[in-house]
Each structure stands twice: as C-alpha cells, then as structure tokens.
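S.K.: Residue numbers (my numbering): 621 to 962.
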C-alpha cells in the first residue's frame with residue numbers, strides 16, 4: 621500500500637509548502653518531501669563529428685554481448701571504465717580493435733598488493749592530506765603496472781587522482797599483444813572510414829561510443845536543471861532554494877558508490893524525522909561554494925567530474941552532518957507524511 625510499481629513519475633513541482641507529483645496513471649499526489657534517485661547513467665552522451673559513419677554504431681549503455689563484434693573491425697571511443705572493458709571484450713573475437721582517446725589516462729589495476737585496489741584505502745584517509753594520499757597511490761600503481769606511456773598509452777596530462785581513474789586488469793596486456801591499437805581523437809567520418817587527428821585513418825564496421833552520460837531530470841523540467849551536469853547541492857544532496865527536494869546518489873567516487881548513498885539516505889531520514897536540523901541557507905551556500913572550489917582545484921575541468929567525491933572524506937562529512945548519528949526508534953516509514961492524492 622506504500623509502494624506503487626510499474627508507474628512512471630512524469631512531473632514534480634513545488635506548490636506552496638509541499639510538492640505535487642504526477643504519475644503516468646494520471647494520479648497527482650502531494651508530498652512534503654521528494655527524494656530523486658533516478659541515477660545519472662541513463663541518458664547517453666554522443667559527441668558529434670564531421671562527416672557521416674555508415675556502419676553500425678551504438679552507445680556503451682546499449683552494449684550487452686561481445687558476439688556483436690565477431691569478425692568485425694571495431695572502434696571504441698572513450699577510455700573510461702566502460703570503454704576499456706568493451707575494447708577488451710571486443711579483442712576476444714573481433715578482427716581488429718581500435719581505442720580512441722583525446723588524452724591520456726591513468727590505469728589502475730583491479731588488484732594490488734594482494735587486495736582489491738579500493739581495499740588498500742582506509743578511514744584514516746579522511747585525515748591524511750591529499751598530496752600524501754596521492755603520493756602513496758602513485759607509488760603503488762607505478763610498482764604494480766608502470767607508467768601508461770611505457771605501456772602503449774598516451775601520457776596523461778594530469779597526475780593520478782586528478783581525474784577519475786580507469787580500472788582495468790586487462791588493457792595493458794591487450795595493447796602489448798597488439799589486440800588493441802590506441803588511436804587519438806577523431807577528425808571526421810567518411811563512410812566506413814574514420815580519420816584521426818594524427819593524420820591516420822582506419823576502416824571500421826562498428827563504432828562504440830563510451831562517451832559518458834548527461835544527467836536527465838525530465839520530471840523536474842522548469843524546476844531544476846543540471847546544466848552541463850553541474851548540481852550545486854549542499855552535501856551533494858540538497859538544493860538550498862527548493863525545500864523538501866533531495867537528490868540521492870548523484871555522486872561518483874573511486875570505489876563503490878552504494879555505501880555513500882546509504883549515508884545520504886540516513887542523513888535525509890534524520891532530517892525528515894527531525895533528528896537533525898536543516899542548516900541555514902547561508903550555511904548551505906557556504907558549504908557549496910567551498911566544495912566547488914575544492915573540486916575545481918583537484919580535478920580536471922570536465923562534465924565527468926562534476927559529481928566526483930573523495931570516498932572517505934565524504935563519509936566523514938556525512939557522519940559529521942548527522943552529529944551522533946542517532947536513528948529514531950520509531951520506524952522511518954511511519955513518520956514520513958503523505959498529504960493526500962487526487
């Protein structure tokens with residue numbers, strides 16, 4: 621009776637001191653609070669190039685099975701995690717695989733020192749100066765895999781952790797064995813031919829765009845827009861000028877994002893039940909300004925990094941926001957008001 625399945629949310633808008641939510645069955649309900657958790661990997665971003673490609677093309681979002689690459693000449697655009705994974709998949713049965721990138725990236729192994737690489741970190745990292753943390757990771761990655769430019773990839777134009785790193789246990793070997801050929805950015809398409817900025821060209825059958833996503837909030841049209849994927853939110857959750865609206869999971873980190881979203885949910889639950897107070901508008905604006913400046917200093921300017929957070933530092937931030945982190949003994953579901961429907 622509290623959850624409705626197979627129903628799309630079509631519109632969310634503020635009305636007075638509450639929110640009206642209209643769903644695909646024509647129902648409009650009123651709520652004091654709305655939590656947006658539709659994710660940020662649902663609206664594929666596809667760059668435009670000069671010319672026209674006449675072969676098959678699709679976004680990484682639509683990739684399901686490597687059988688599509690059998691005997692084909694494949695170009696993968698983008699060297700994020702999806703791009704490298706798909707290129708390595710294609711290398712298993714494609715005739716040729718090319719991996720195009722505009723710039724170099726740091727590749728982190730899945731395992732280092734006998735552990736999954738994200739387990740090498742610890743809560744103490746929330747208190748370690750970032751330059752020290754970066755030096756430690758640079759040493760580990762250098763020992764484990766060497767430098768990208770020594771393994772057949774372009775030299776990165778930034779230091780490790782200055783951009784979201786790419787995790788791959790296979791790419792270096794595939795490039796070293798000649799199964800994957802690295803290529804620079806694309807100049808134009810001409811039928812099945814792809815021309816690159818270094819003057820080379822290749823004929824390919826399939827182009828895979830591993831080129832990221834746009835944040836899509838169609839149900840908030842006219843209310844809130846993530847222009848260029850920027851979302852200035854207090855604690856990466858609250859838009860200060862829209863009381864009762866919360867964004868959950870619009871963050872990206874090195875490691876699992878789910879635990880961070882759980883911390884977000886606990887804090888929002890505390891807010892709704894009155895266990896913690898909402899900060900003032902001035903406090904929220906000050907936090908947002910500081911957060912954006914810190915992220916600008918640390919990461920390359922890119923739409924990919926607008927949601928980036930440091931894992932342990934963000935957890936500490938959320939714990940601090942909750943104070944003692946007291947959870948109400950009354951089940952949360954019984955304390956969230958639904959004003960009515962029509």
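Beta carbons are placed, not taken as given, at the ideal position from N, Cα and C, and that holds for glycine. If you're wondering where the values come from, they're calculated on a predicted model, not measured in any experiment.
#1: Is there a Cβ of chain B sitting closer than 7 Å to that of residue 925, yes or no?
#2: Along the alpha helix (DSSP H) that carries residue 754, what are the first and last residues, could you check?
#3: Taking just the CA atoms, how far does residue 932 sit from residue 919?
#4: On a Cα-Cα basis, can you pick out the residue from 751, 630, 894 and 928 that is closest to residue 851?
#5: Start and end of the beta strand (DSSP E) containing residue 632?
#6: Sorted by chain position, which residues of the same chain lie with C-beta nearer than 7 Å to residue 811's C-beta, five sequence neighbours on each side aside?
#7: Measuring alpha carbon to alpha carbon, tell me which of 872, 898, 924 and 865 ends up nearest residue 934.
#8: Just how far apart, CA to CA, sit residue 660 and residue 869?
#9: State the DSSP-derived secondary structure class of residue 824, mapped to helix, strand or coil.
#10: Considering only the alpha carbon of each residue, which of 857, 901, 913 and 791 lies closest to residue 655?
#11: Quick one: what does DSSP say residue 638 is sitting in, helix, strand or coil?
#12: Would you mind sorting residue 718 into buried or exposed? The rule is 16 or more other CB atoms within 10 Å of its CB.
#13: At a cut of 8 Å, does the stretch 663-672 reach the stretch 684-693 through at least three beta carbon pairs?
#14: Starting from residue 810, trace the beta strand (DSSP E) both ways and give me its first and last residue.
#15: Can you look up residue 625 in the DSSP assignment and give me helix, strand or coil?
#16: Would you say residue 817 and residue 805 are within 7 Å of each other, going by their C-beta atoms?
#17: By the DSSP assignment, the beta strand (DSSP E) with residue 840 in it spans what residues?
#18: Buried or exposed for residue 958, please, with buried defined as at least 16 other CB atoms from any protein chain shown within 10 angstroms of its CB.
#19: Can you list, in chain order, the residues of its chain whose CB lies under 8 Å from that of residue 908, leaving out five sequence neighbours each side?
#20: Using the Cα positions of residue 943 and residue 895, report the straight-line distance between them to the nearest angstrom.
#21: Which partner residues of residue 803 appear in the DSSP bridge assignment?
#22: Less than 6 Å between C-beta atoms, sequence neighbours within five positions excluded: which residues of the same chain meet that for residue 951?
#23: Note down the Cα distance separating residue 634 from residue 880, rounded to an integer number of angstroms.
#24: Tell me residue 658's beta-bridge partners as DSSP assigns them.
#25: In angstroms with no decimal places, state the Cα-to-Cα distance between residue 835 and residue 730.
#26: Suppose you measure from the CA of residue 889 to the CA of residue 712; what does that come to, to the nearest Å?
#27: How big is the Cα-Cα spacing for residue 628 and residue 653?
#28: I think residue 784 touches residue 925, with their Cβ atoms under 8 Å apart; what is that distance to the nearest whole Å?
#29: Under 6 Å Cβ to Cβ from residue 745, same chain only, skipping five residues before and after it: list those, please.
#30: Give the range of the alpha helix (DSSP H) segment to which residue 892 is assigned.
#31: Please report the residue range of the alpha helix (DSSP H) in which residue 791 lies.
#32: Tell me whether residue 906 is buried or exposed, calling it buried when 16 or more other Cβ atoms sit within 10 Å of its Cβ.
#33: Between the C-alpha atoms of residue 807 and residue 877, what's the straight-line distance to the nearest angstrom?
#34: Quick check: the stretch 757-768 against the stretch 695-711, are at least 3 beta-carbon pairs closer than 8 Å?
#35: Tell me whether the beta-carbon of residue 689 lies closer than 7 Å to the beta-carbon of residue 710.
#36: Answer with buried or exposed for residue 728, where buried requires no fewer than 16 other C-beta atoms within 10 angstroms of its C-beta.
M.R.: The short version:
#1: Given the protein chain composition of this structure (a single chain), no chain B is represented.
#2: Mapped onto the chain shown, residue 754 falls at position 134. 750-765 is the extent of the alpha helix (DSSP H) around residue 754.
#3: Position 299 of the chain shown, counted from the start, is the residue given in the question as residue 919. Position 312 of the chain shown, counted from the start, is the residue given in the question as residue 932. In a straight line, the C-alpha of residue 919 is about 17 Å away from that of residue 932.
#4: For the purposes of this step, residue 851 is taken as residue 231 along the chain shown, with counting starting at 1. Just measuring C-alpha positions, the residue of 751, 630, 894 and 928 sitting nearest residue 851 is 928.
#5: Walking along the chain shown from the start, residue 632 turns up at place 12. 629-635 is the span of the beta strand (DSSP E), which, as asked, contains residue 632.
#6: Taking the first residue of the chain shown as 1, we reach residue 811 at position 191. Excluding sequence neighbours, residue 811 sits near 674.
#7: Counting from one through the chain shown, the residue named residue 934 turns up at place 314. Nearest C-alpha to residue 934: 872.
#8: In the chain shown, the residue the question calls residue 660 occupies position 40. In the chain shown, the residue the question calls residue 869 occupies position 249. Spanning the alpha carbons of residue 660 and residue 869 requires a straight line of approximately 8 Å.
#9: As a position in the chain shown, residue 824 is number 204, starting the count at 1. Under the three-state reduction of DSSP, residue 824 is assigned to coil, being neither helix nor strand.
#10: Locating residue 655 in the chain shown gives position 35, counting from the first residue. Closest by C-alpha distance to residue 655, out of 857, 901, 913 and 791, is 857.
#11: Residue mapping note: residue 638 aligns to position 18 of the chain shown, counting from 1. Three-state result, residue 638: strand.
#12: Position 98 of the chain shown, counted from the start, is the residue given in the question as residue 718. Around the beta carbon of residue 718, 16 or more other beta carbons lie within 10 angstroms, which makes this residue buried.
#13: The stretch 663-672 vs the stretch 684-693: no contact.
#14: Here residue 810 is taken as the residue at index 190 of the chain shown, counted from 1. According to the DSSP assignment, residue 810 belongs to the beta strand (DSSP E) that extends over 806-811.
#15: Walking along the chain shown from the start, residue 625 turns up at place 5. Coil.
#16: As a position in the chain shown, residue 817 is number 197, starting the count at 1. As a position in the chain shown, residue 805 is number 185, starting the count at 1. In this structure, residue 805 lies closer than 7 Å to residue 817 by Cβ.
#17: Taking the chain shown and counting its residues from 1, one reaches residue 840 at position 220. Counting along the chain, residue 840 falls outside any beta strand (DSSP E), and DSSP gives it neither H nor E.
#18: Taking the first residue of the chain shown as position 1, residue 958 is located at position 338. Only weak support is given to the placement of residue 958: the predicted model assigns it a pLDDT of 47, under 50, and the question is left unresolved by the model.
#19: Counting from one through the chain shown, the residue named residue 908 turns up at place 288. Answer for residue 908: 852, 853, 854 and 860, listed in chain order.
#20: The count along the chain shown starts at 1 and reaches residue 943 at position 323. The count along the chain shown starts at 1 and reaches residue 895 at position 275. The alpha-carbon atoms of residue 943 and residue 895 are separated by roughly 10 Å.
#21: Against the chain shown, residue 803 aligns to sequence position 183. According to DSSP, residue pairing for residue 803 in a beta bridge involves 720.
#22: Indexing the chain shown from 1 puts residue 951 at position 331. Because the pLDDT at residue 951 is just 37, under 50, the model does not fix this residue reliably, and the point stays unresolved.
#23: Here residue 634 refers to the residue found at position 14 when the chain shown is read from its first residue. Here residue 880 refers to the residue found at position 260 when the chain shown is read from its first residue. If I take the Cα positions, the gap works out to 27 Å.
#24: If you number the chain shown from 1, residue 658 lands on position 38. Per DSSP, none; premise fails for residue 658.
#25: The residue you call residue 835 lines up with position 215 of the chain shown. The residue you call residue 730 lines up with position 110 of the chain shown. Residue 835 and residue 730 have their C-alpha atoms roughly 28 Å apart.
#26: Within the chain shown, numbered from 1, the residue matching residue 889 stands at position 269. Within the chain shown, numbered from 1, the residue matching residue 712 stands at position 92. Going from the Cα of residue 889 to the Cα of residue 712 covers about 47 Å.
#27: Counting from one through the chain shown, the residue named residue 628 turns up at place 8. Counting from one through the chain shown, the residue named residue 653 turns up at place 33. If you take the alpha carbons of residue 628 and residue 653, they lie about 18 Å apart.
#28: As a working note, residue 784 is residue 164 in the chain shown. As a working note, residue 925 is residue 305 in the chain shown. Yes, they are in contact, since the Cβ atoms of residue 784 and residue 925 sit about 6 Å apart, within 8 Å.
#29: Mapped onto the chain shown, residue 745 falls at position 125. If we look at residue 745 and ignore the five residues flanking it on each side, its Cβ neighbours are 753 and 932.
#30: For this step, residue 892 is matched to residue 272 along the chain shown. First-last of the alpha helix (DSSP H) with residue 892: 878-893.
#31: Residue numbering aside, residue 791 sits at position 171 when the chain shown is read from its first letter. For residue 791, the enclosing alpha helix (DSSP H) has its first and last residue at 791-796.
#32: Stepping through the chain shown from its first residue, residue 906 is reached at position 286. Answer is exposed; the Cβ neighbour count stays below 16.
#33: The residue labelled residue 807 in the question sits at position 187 within the chain shown. The residue labelled residue 877 in the question sits at position 257 within the chain shown. Near 35 Å, if we compare the C-alpha coordinates of residue 877 and residue 807.
#34: Because the criterion of three Cβ pairs below 8 Å is not met, the stretch 695-711 and the stretch 757-768 do not touch.
#35: Counting from 1 along the chain shown, the entry for residue 689 is found at position 69. Counting from 1 along the chain shown, the entry for residue 710 is found at position 90. Against a cut-off of 7 Å, the Cβ pair of residue 710 and residue 689 comes out as a contact.
#36: For the purposes of this step, residue 728 is taken as the residue at position 108 of the chain shown. Buried, since its Cβ has 16 or more Cβ neighbours within 10 Å.
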